[in-house]
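Heads up: the structure comes next, in structure tokens.
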Amino acid sequence: MKYTYLLINIFVILFPLALSFDKKVFFFKKWKFVAPAILITGAVFLVWDLLFTQLNIWSFNPGYIVGIYLWGLPLEEMLFFLTVPYACIFIYECLNAYFPKNILGKFSFALSNLILGFCVAVLFFAYHRWYVLINFTFLFFVLGYVEYINQKFRFMYKFYRMYLVSLVPFYIVNGFLTSIPVVLYNNKENLGVRVGTIPLEDHFYLMALLLMNIYLFEFFKSRGERKPIIV
């Protein structure tokens with residue numbers, strides 16, 4: 001059905017959007033921080049997406065999209081960079097509001113180092129594959145910056161909790177996208193390892209996408225919520 005990918009996008013954002021007015025989270029009041037984070041990150045990933053489409057690293061099944069293209073990308077793919085980050089930032093804020101205690105605070109730095117080491121190892125053995133090269137290089141630099149250079153606000157322990165929770169809808173949504181399939185992958189450009197029908201790289205692609213969104217969200221929020229100095 002040509003509306004499949006569009007319906008998946010609607011499903012992703014439907015409940016987070018409807019619940020954005022929850023009185024404990026008041027997520028709608030943070031839209032002014034959410035919007036620039038999503039738009040800036042989306043612009044970066046759209047360039048990435050366009051490059052991958054042109055290089056035939058992945059493609060889109062015309063039987064499951066409405067057929068509207070912008071800059072060579074299906075409309076639904078562009079919406080993906082709005083709906084998924086919005087839903088996951090919403091999850092992030094809900095977890096922080098309802099479950100302020102977070103045991104990952106003790107382990108987040110070690111976990112980041114483990115992921116950075118994994119990025120280096122994968123790049124060493126498979127740097128010649130485009131999806132591997134760009135995906136893990138990007139994640140390495142974004143995660144390295146957040147953990148080792150950014151000192152203004154620390155949020156990785158909250159990020160990892162959100163990421164783990166987000167894997168549940170990720171497996172549902174990406175499971176549909178890769179099993180139908182709506183998105184087709186060129187296995188010559190990835191590791192060829194799949195979790196069900198989902199390429200292993202997609203897990204780290206999601207991590208990079210969400211990490212950039214959350215960093216920018218926290219950045220704009222910290223600036224917006226800074227109390228003015230009264231002289």
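Using UniProt numbering, you'd call the opening residue of the sequence shown number 1 and step up by one each time.
Idealized CB from N, CA, C, for every residue including glycine.
Residue burial classification, residue i (beta-carbon count within 10 angstroms, cutoff 16)
i, result
"Val-168", "exposed"
"Phe-125", "exposed"
"Arg-223", "exposed"
"Leu-39", "exposed"
"Ala-208", "buried"
"Leu-139", "buried"
"Ile-229", "Any reading at Ile-229 needs caution, since the residue's pLDDT is 42, under 50, leaving its predicted position unreliable; the model's value is listed next. By the neighbour-count rule (16 or more Cβ atoms within 10 Å), Ile-229 is not buried but exposed."
"Leu-158", "Checking the sequence, you will find Lys at residue 158 rather than Leu. Under this definition Lys-158 is a buried residue."
"Tyr-92", "buried"
"Phe-176", "buried"
"Phe-107", "exposed"
"Ile-214", "buried"
"Asn-56", "exposed"
"Phe-166", "Checking the sequence shown, residue 166 turns out to be Ser, not Phe. Buried, by the Cβ-count rule."
"Phe-141", "exposed"
Whole-angstrom C-beta distance between residue j and residue i, which should lie under 8 Å
i, j, result
"Leu-73", "Leu-46", "7 Å"
"Lys-2", "Tyr-86", "Not quite, the Cβ-Cβ distance comes to about 24 Å (not below 8 Å), so this is no contact."
"Met-162", "Leu-95", "6 Å"
"Leu-143", "Leu-211", "6 Å"
"Leu-216", "Ala-37", "4 Å"
"Phe-90", "Ser-20", "7 Å"
"Phe-220", "Phe-33", "4 Å"
"Tyr-160", "Leu-200", "No, Tyr-160 and Leu-200 are not in contact; Cβ-Cβ is about 18 Å, not under 8 Å."
"Phe-170", "Leu-206", "6 Å"
Euclidean distance between Cα positions of residue i and residue j
i, j, result
"Asn-9", "Lys-152", "34 Å"
"Phe-109", "Gly-42", "27 Å"
"Val-231", "Cys-119", "Unreliable positioning characterises Val-231 in this predicted model, as indicated by a pLDDT of 38, which lies under 50. The coordinate reading is nonetheless provided below. Between Val-231 and Cys-119, the C-alpha separation is close to 49 Å."
"Val-84", "Val-12", "7 Å"
"Leu-6", "Asp-202", "20 Å"
"Val-122", "Lys-23", "44 Å"
"Trp-130", "Glu-218", "30 Å"
"Asn-102", "Leu-133", "33 Å"
"residue 237", "Glu-77", "The requested residue 237 does not occur in the structure, where the chain is confined to residues 1 to 231."
"Trp-31", "Pro-100", "21 Å"
"Glu-225", "Phe-28", "15 Å"
"Phe-204", "Thr-4", "24 Å"
"Val-44", "Ile-180", "27 Å"
"Val-182", "Phe-60", "6 Å"
"Tyr-127", "Leu-50", "20 Å"
"Ala-117", "Leu-191", "One detail in the question is off: residue 117 reads as Gly in this sequence, not Ala. Taking the straight line joining both Cα atoms gives about 17 Å."
"Phe-52", "Val-173", "20 Å"
"Trp-58", "Cys-88", "24 Å"
"residue 235", "Trp-48", "Limits of the chain in this structure are 1 at one end and 231 at the other, which puts residue 235 out of reach."
"Arg-154", "Ala-18", "29 Å"
"Tyr-98", "Leu-79", "28 Å"
"Gln-54", "Pro-62", "16 Å"
Exercise. Per the contact definition of three or more C-beta pairs closer than 8 Å, is the stretch 190-198 in contact with the stretch 59-79?
Worked result: no
Exercise. Where are the alpha helix (DSSP H) runs, 4 residues long or more, that stay fully inside the stretch 159-209, in chain order?
Worked result: Restricted to the stretch 159-209, not a single alpha helix (DSSP H) segment is unbroken, complete and at least 4 residues in length.
Exercise. Is the stretch 143-151 touching the stretch 177-191, taking contact as three or more C-beta pairs under 8 Å?
Worked result: no
Problem set entry | Sequence ranges, alpha helix (DSSP H) only - wholly within the stretch 38-125, length at least 4 | Listed in chain order, the complete alpha helix (DSSP H) runs (minimum 4 residues) inside the stretch 38-125 are 75-98.
For this session: Return the chain-ordered ranges of every alpha helix (DSSP H) run that is complete within the stretch 2-33 and spans a minimum of 4 residues.
Result: 4-18
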